[in-house]
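Heads up: the structure comes next, in structure tokens.
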Amino acid sequence: MPCKISLKNNASRIIVLLTVIIFFSSFKALGQASAVPDDPEIVAAGEKLFKQNCMPCHRVESKLVGPALHNVYERRELPWIYAFVKNSQKVIASGDEYANNLYEEYNKVQMTAFSSFTDDEILSIMAYIKNLTENPPQAAAPATSETVSAAGQEQAIPAKYLDAILIGAVVILIILLVVLVMISSLLSKYLRQKKDLSDTDKEYVQPMFNLGKLVRNKAFIGIVAALVTMIVLKNVIDGLYSIGVQQGYAPKQPIAFSHKIHAGDNKIDCNYCHTGVTKSKNANIPSPNICMNCHSSITKGPKTGKVEIAKIYKAVEDNKPIEWVRVHNLPDLAYFNHSQHVVVGKLACQTCHGPVEKMDVVRQYSLLTMGWCVNCHRKTPLQTKGNGYYDKLVELHKGKEPMKVVDNGGIDCAKCHY
Ligand code: HEC
Ligand code: HEC
Ligand code: HEC
Ligand code: HEC
Ligand code: HEC
Ligand code: HEC
Numbered sequence: 190m191p192c193k194i195s196l197k198n199n200a201s202r203i204i205v206l207l208t209v210i211i212f213f214s215s216f217k218a219l220g221q222a223s224a225v226p227d228d229p230e231i232v233a234a235g236e237k238l239f240k241q242n243c244m245p246c247h248r249v250e251s252k253l254v255g256p257a258l259h260n261v262y263e264r265r266e267l268p269w270i271y272a273f274v275k276n277s278q279k280v281i282a283s284g285d286e287y288a289n290n291l292y293e294e295y296n297k298v299q300m301t302a303f304s305s306f307t308d309d310e311i312l313s314i315m316a317y318i319k320n321l322t323e324n325p326p327q328a329a330a331p332a333t334s335e336t337v338s339a340a341g342q343e344q345a346i347p348a349k350y351l352d353a354i355l356i357g358a359v360v361i362l363i364i365l366l367v368v369l370v371m372i373s374s375l376l377s378k379y380l381r382q383k384k385d386l387s388d389t390d391k392e393y394v395q396p397m398f399n400l401g402k403l404v405r406n407k408a409f410i411g412i413v414a415a416l417v418t419m420i421v422l423k424n425v426i427d428g429l430y431s432i433g434v435q436q437g438y439a440p441k442q443p444i445a446f447s448h449k450i451h452a453g454d455n456k457i458d459c460n461y462c463h464t465g466v467t468k469s470k471n472a473n474i475p476s477p478n479i480c481m482n483c484h485s486s487i488t489k490g491p492k493t494g495k496v497e498i499a500k501i502y503k504a505v506e507d508n509k510p511i512e513w514v515r516v517h518n519l520p521d522l523a524y525f526n527h528s529q530h531v532v533v534g535k536l537a538c539q540t541c542h543g544p545v546e547k548m549d550v551v552r553q554y555s556l557l558t559m560g561w562c563v564n565c566h567r568k569t570p571l572q573t574k575g576n577g578y579y580d581k582l583v584e585l586h587k588g589k590e591p592m593k594v595v596d597n598g599g600i601d602c603a604k605c606h607y
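Letter by letter, the sequence shown follows residues 190 to 607 in our numbering.
Listed below in structure tokens is the structure:
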């Protein structure tokens, strides 16, 4: 017999069959994984696409609105992934069993259709996912907040706590004073009743000073009056300087929406909700429909959860916008454009809005005065690289220090005033 393994035996037939299946299936998975590139440039491109488009609903390592995506390039064939990402509803409608089961499992949440994506772009996202699957990240350090607080705009102790501490200290001092006065008058009363006091002792018991006399003293009245006027004056001047300045303004909102939970803990990109920042003058506040992309499946949260999320459902049912209270408000006479600063100027939101991803309630972080705008234009260099519009200006400016916004007319009145 040429072959040592007898295929007549049923048990050994099954073993051989299984080995073949396992061999081929691992081969297929391997083939699929190796079709996903490792090139760092492609991984970086994929990372950017993933963070901007998929991060709102997906994590690589865990479930969020959609499934965890680690290994997805081994779970599914690449052509299936391409089709699903471009238009998941089409794949579901085609009767694909896997897609339909997934859709049911995720409470019929519709994944956004990315019809403008090319296969290569989706492949680069898979490359990023593969890179993360194979090299799980160590706890990442929050970079933005560091640099932001380094700018020294945030006080170590917020002013309102300082006020509370001061008021507390004053109250304690007053109580102490009252108690001391009571003790001293009790003691002297007791001593005055004693008949057998020596003359020197009597001198001590007779009050060193008389409170009534003191209040009538002209010098004393003068000092007190001067102190009071100084305090009042300082408050009036402070008040005048801050007319119209609303730094720190953090109104209560109709829904306890937390940027910390959304942009911080769940790392949802600012652009996902503020869709206007890169395209227009205004950043836009998201409509309830955008909330529902996620909250049709997330019905409770870590803190205020259910009650607050129910308000979104109510707004959608009643077809009424949520009446968010505006935090930032420039007067009509000034013109400010987001995309100019975010896209052309390449400024991070945090430069002007502070560490929003750490705020449960958004507050106005910057002064928003004319001086604030102009100061930044004086010291901030223009991002001229790769911007054809600036080529001529840079040429003219050769040899001098880097061009600032001011060198491009950034402090001309008409640039900011209609
Ligand atoms: C609005 C939320 C949302 C966004 C944004 C989103 N997805 Fe999804 N994704 C889902 C949901 C929900 C599912 C589960 C299937 C369903 O309900 O249609 C899913 C499923 C998938 C699956 C199948 C997963 C599996 O386990 O088989 C892939 C692959 C996928 N998404 C890739 C992406 C990629 C890539 C992006 C970004 C370009 C993206 N998704 C953006 C919500 C989203
Ligand atoms: C891209 C997905 C996504 C979008 C869009 C989204 N949320 Fe959320 N939301 C979440 C996640 C994730 C949580 C946290 C759930 C948890 O941790 O259990 C959450 C939690 C909440 C909570 C509960 C917070 C708490 O303290 O318990 C509220 C309220 C909320 N969201 C309101 C909103 C509103 C209002 C909008 C629209 C302006 C919105 N969300 C849009 C994903 C989203
Ligand atoms: C899930 C949606 C969502 C995400 C993500 C999100 N925001 Fe918001 N943002 C809102 C909503 C809703 C409001 C209005 C309610 C409020 O002021 O809290 C708002 C308000 C603001 C305001 C105040 C607007 C005003 O009234 O003047 C600023 C500034 C802001 N967001 C910046 C950011 C920045 C920066 C990020 C990213 C770090 C971000 N947001 C991410 C939904 C979002
Ligand atoms: C150069 C400073 C600057 C940068 C950078 C900046 N903002 Fe603003 N933002 C402002 C000013 C000033 C206002 C007030 C505008 C007004 O009242 O007309 C504002 C207002 C807003 C508002 C209120 C709604 C609106 O459109 O007026 C939101 C939301 C907002 N910003 C989000 C963002 C997000 C998200 C980013 C980053 C992608 C960002 N901002 C980057 C200065 C900035
Ligand atoms: C953090 C720095 C910073 C702050 C604060 C800032 N800007 Fe700017 N601004 C820039 C930069 C950088 C550019 C240049 C963008 C470019 O290349 O066109 C710019 C450009 C502009 C332009 C276009 C100027 C031109 O030459 O075409 C206008 C208008 C403008 N800003 C208005 C404002 C107003 C109004 C405010 C205050 C409410 C403000 N900016 C606050 C950094 C800032
Ligand atoms: C970089 C943008 C910018 C430039 C350049 C600029 N301004 Fe302003 N200006 C503002 C902003 C923003 C305000 C509103 C500040 C506030 O509400 O505190 C303002 C307010 C003012 C006010 C006060 C109006 C009021 O009702 O209180 C006057 C007056 C004014 N600007 C005049 C000028 C003149 C004159 C120039 C040219 C020399 C100029 N501005 C250049 C941004 C600018």
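Glycine included, every Cβ here is placed at the ideal spot set by N, Cα and C.
- Per DSSP, reduced to three states, the secondary structure at Ala523 is strand.
- DSSP lists Ala523 as the beta-bridge partner residues of His606.
- In the DSSP assignment, Lys593 forms a beta bridge with Pro570.
- Where Leu253 is concerned, there is no enclosing alpha helix (DSSP H), because DSSP gives it neither an H nor an E.
- Between Val533 and Arg567, the C-beta gap is not smaller than 7 Å, which leaves the two residues out of contact.
- DSSP, read as helix, strand or coil, puts Ala439 in coil.
- Secondary structure note for Glu230: its alpha helix (DSSP H) is the uninterrupted segment Pro229 to Leu238.
- For Phe273, the enclosing alpha helix (DSSP H) starts and ends at Leu267 to Lys275.
- Placement of the Cβ of Val254 at a distance of less than 6 Å from at least one heavy atom of ligand 1 is found.
- If you check the C-beta of Asn478 against ligand 5, you find no heavy atom less than 6 Å away.
- According to the DSSP assignment, Val583 belongs to the alpha helix (DSSP H) that extends over Asp580 to Leu585.
- When distances are taken from the beta-carbon of Pro475 to the heavy atoms of ligand 3, the shortest one is below 6 Å.
- Of the candidates Pro477, Ser555, Phe525 and Lys581, Pro477 places its Cα closest to the Cα of Asn508.
- For Leu321, the uninterrupted alpha helix (DSSP H) segment begins and ends at Asp308 to Glu323.
- Rounded to whole angstroms, the gap between the alpha carbons of Leu536 and Leu366 is 55 Å.
- Under the three-state reduction of DSSP, Leu422 is assigned to helix.
- Shown here, Gly598 sits in coil according to DSSP, grouped into three states, outside any helix or strand.
- Taking non-hydrogen atoms of ligand 2 into account, the C-beta of Phe409 is found less than 6 Å away from none of them.
- Counting only runs that start and end inside the segment 532-576, the alpha helix (DSSP H) elements of at least 4 residues fall at 538-542 and 559-568.
- Per DSSP, Arg264 is one residue of the alpha helix (DSSP H) stretching across Val261 to Arg264.
- Assigned with DSSP and collapsed to three states, Asp385 falls in coil, not helix or strand.
- The Cβ-Cβ distance between Cys541 and Ser555 falls below 7 Å.
- For ligand 2, no non-hydrogen atom lies closer than 6 Å to the CB of Lys279.
- Distance from the C-beta of Met300 to the nearest heavy atom of ligand 1 is below 6 Å.
- Taking 6 Å as the cut-off, the C-beta of Asn455 counts as close to a heavy atom of ligand 2.
- Within a 10 Å sphere around the beta-carbon of Phe446 sit 16 or more other beta-carbons, which makes this residue buried.
- Nearest to Ile281 by C-alpha distance, out of Arg264, Met300 and Val551, is Met300.
- Shortest Cα-Cα distance from Leu571 to any of Pro440, Gln529, Val232 and Glu236 involves Gln529.
- Using a Cβ distance threshold of 7 Å, Val531 and Val583 do not count as a contacting pair.
- In the structure shown, Met371 adopts helical secondary structure according to DSSP, grouped into three states.
- About 10 Å separates the beta carbon of Ile311 from that of Tyr262, a gap too long to meet the 8 Å contact definition.
- Cβ contact annotation for Val274 (same chain, cutoff 7 Å, sequence separation greater than five): Phe303, Phe306 and Ile311, in chain order.
- Residue Ile314 holds the alpha-carbon nearest to the alpha-carbon of Ala233 among Ile314, Asn290, Trp269 and Val225.
- The alpha carbon of Arg552 has as its nearest neighbour, out of Leu585, Asn518 and Thr569, the alpha carbon of Asn518.
- DSSP places His484 inside the alpha helix (DSSP H), whose first and last residues are Pro477 to His484.
- In chain order, the residues that have a beta carbon nearer than 7 Å to some heavy atom of ligand 6 are Gly433, Val434, Leu519, Pro520, Leu522, Ala523, Phe525, Leu557, Thr558, Met559, Cys562, Val563, His566, Gly599, Ile600, Asp601, Cys602, Lys604, Cys605 and His606.
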